[in-house]
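When you read off a place in the sequence shown, starting at 1, and then add 242, the result is the number in this note's numbering.
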Amino acid sequence: MKAVATQLEAAGHGPVEIEASRTLRSPSAGRVFVKFGTGGADADISLLEYERLGLEHLRHSAPKELKVPKALLAGETSDRGGFVCVEHLDLGGRLGDDMQAAFGKALATMHAEKQELHAGFGFPVDGCCGALEQPNNSEGRSLNWVEFWDEFRLGFQLEEAKRRYPEDVEMQELGAQLRKRLPILFSDLVIEDIKPSILHGDLWSGNVGVTEGKPCIFDPAAYYGHAEADLGIAYMFGGFSQAFFEAYHAVLPREPGFEQRAKLYELHHHLNHMNIFGSSYRGGCVQLMQQLVS
């Protein structure tokens, strides 16, 4: 932690006091939480820089009713690899229906915000979602949303699954059918009218909390995409009440074909979990793909 404190001081936040194994304190930044990457000294600083930048973009678009911690610094140490320093959140309070409704409204407001920091779908840097890399069209190619999803989300995950499970012919055939069917799943919308929103990217209930009397989000896998996509993992794991969804859709109403696209966006996280944690997630992948190609 001493090396982290030294870098934080060099960034203009000194003098820095080491409070505990993961917390620092400085006069300008207050209490600071230090998150280290996985892999010890081999932890990749680029992934921690991705998290820092993601928080910065989310914070830029978030309304005052939604707390996003300020990211102060990403760096690396010789013994523990990459790290990111963020504003410490004093989490507390229950995510009851009133708070869930407040979160739903605030999230939709953020999704509806006109974007200023990035043009197009993707993100300025590639990153990860959990322990799996996440390509983000960092070269900034001009793609519509369906093209982006096909190449950088669905296509990438299916290719990763094929690499890990080359004998799973059923998955490969379903995946090929689904990729051909993608434009049909968006036929109720004008694809060119889908505008990029800043997305958290890994919005399960474990990455949502309450601080200062309002909802907060952290640990993002951020990128710019179709607002509906941010709800995919919420459908997979639950944890959000009807009050959340009603408040969200009061700001951003469901559009025609929403139910099928919700399955598509949920599938992304099933595939991501299968590629990280193993074949116990295969059943959910197959079930969703069968529904989407039928």
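Ideal placement from N, C-alpha and C gives every residue a C-beta, glycine not left out.
DSSP state of residue i mapped onto helix, strand, coil
{"i": "R273", "result": "strand"}
{"i": "V432", "result": "coil"}
{"i": "P425", "result": "helix"}
{"i": "G372", "result": "coil"}
{"i": "V411", "result": "helix"}
{"i": "L445", "result": "coil"}
{"i": "K309", "result": "strand"}
{"i": "F365", "result": "coil"}
{"i": "G334", "result": "coil"}
{"i": "G467", "result": "strand"}
{"i": "E259", "result": "strand"}
Alpha-carbon to alpha-carbon, residue j and residue i
{"i": "R421", "j": "E381", "result": "23 Å"}
{"i": "E454", "j": "V328", "result": "16 Å"}
{"i": "I440", "j": "G296", "result": "9 Å"}
{"i": "G256", "j": "A373", "result": "33 Å"}
{"i": "E298", "j": "A489", "result": "25 Å"}
{"i": "Q414", "j": "K404", "result": "7 Å"}
{"i": "G279", "j": "Q376", "result": "16 Å"}
{"i": "F428", "j": "S536", "result": "15 Å"}
{"i": "T351", "j": "E358", "result": "15 Å"}
{"i": "R264", "j": "I433", "result": "45 Å"}
{"i": "I426", "j": "S268", "result": "54 Å"}
{"i": "F500", "j": "L289", "result": "32 Å"}
{"i": "V388", "j": "A262", "result": "46 Å"}
{"i": "A418", "j": "T319", "result": "43 Å"}
{"i": "E508", "j": "L250", "result": "38 Å"}
{"i": "D339", "j": "F486", "result": "7 Å"}
{"i": "F460", "j": "V411", "result": "37 Å"}
{"i": "E402", "j": "R503", "result": "22 Å"}
{"i": "V310", "j": "H468", "result": "20 Å"}
{"i": "N386", "j": "Y465", "result": "14 Å"}
{"i": "N517", "j": "R383", "result": "26 Å"}
{"i": "G334", "j": "M341", "result": "12 Å"}
Local Cβ density within 10 Å of residue i, reported as buried at 16 or more and exposed below that
{"i": "G323", "result": "buried"}
{"i": "S303", "result": "buried"}
{"i": "V276", "result": "buried"}
{"i": "R530", "result": "Note that residue 530 is Leu in the sequence shown, not Arg. By the neighbour-count rule (16 or more Cβ atoms within 10 Å), L530 is buried."}
{"i": "P438", "result": "buried"}
{"i": "A271", "result": "buried"}
{"i": "I436", "result": "buried"}
Integer-rounded CB distance, given that residue j should sit under 8 Å from residue i
{"i": "E497", "j": "L400", "result": "That pair is no contact at about 26 Å."}
{"i": "V326", "j": "R301", "result": "V326 to R301, Cβ: 14 Å. No contact."}
{"i": "K505", "j": "Q533", "result": "6 Å"}
{"i": "A348", "j": "L315", "result": "With 8 Å as the limit, A348 and L315 do not qualify as a contact, their Cβ atoms being about 26 Å apart."}
{"i": "L331", "j": "G443", "result": "With 8 Å as the limit, L331 and G443 do not qualify as a contact, their Cβ atoms being about 19 Å apart."}
{"i": "N379", "j": "F394", "result": "6 Å"}
{"i": "L494", "j": "H353", "result": "6 Å"}
{"i": "F390", "j": "F363", "result": "4 Å"}
{"i": "I287", "j": "G254", "result": "Not really, about 20 Å apart at Cβ, beyond 8 Å."}
{"i": "A463", "j": "G369", "result": "6 Å"}
Unbroken alpha helix (DSSP H) run spanning residue i, endpoints
{"i": "Y477", "result": "474 to 479"}
{"i": "L250", "result": "244 to 250"}
{"i": "A489", "result": "484 to 493"}
{"i": "F390", "result": "387 to 390"}
{"i": "V535", "result": "524 to 535"}
{"i": "E329", "result": "No alpha helix (DSSP H) contains E329, which is instead part of the beta strand (DSSP E) from 323 to 329."}
{"i": "G397", "result": "397 to 406"}
{"i": "G346", "result": "339 to 354"}
{"i": "S521", "result": "Note, S521: premise wrong, no alpha helix (DSSP H); not H, not E."}
{"i": "E298", "result": "287 to 303"}
Delimiting residues of the beta strand (DSSP E) encompassing residue i
{"i": "K456", "result": "456 to 459"}
{"i": "R267", "result": "265 to 268"}
{"i": "E318", "result": "313 to 319"}
{"i": "T453", "result": "450 to 453"}
{"i": "G382", "result": "Where G382 is concerned, there is no enclosing beta strand (DSSP E), given that its DSSP letter is neither H nor E."}
Residue i Cβ short of 7 Å to the ligand NAD heavy atom set
{"i": "A304", "result": "This structure lacks the ligand NAD; in fact it carries no ligand of any kind."}
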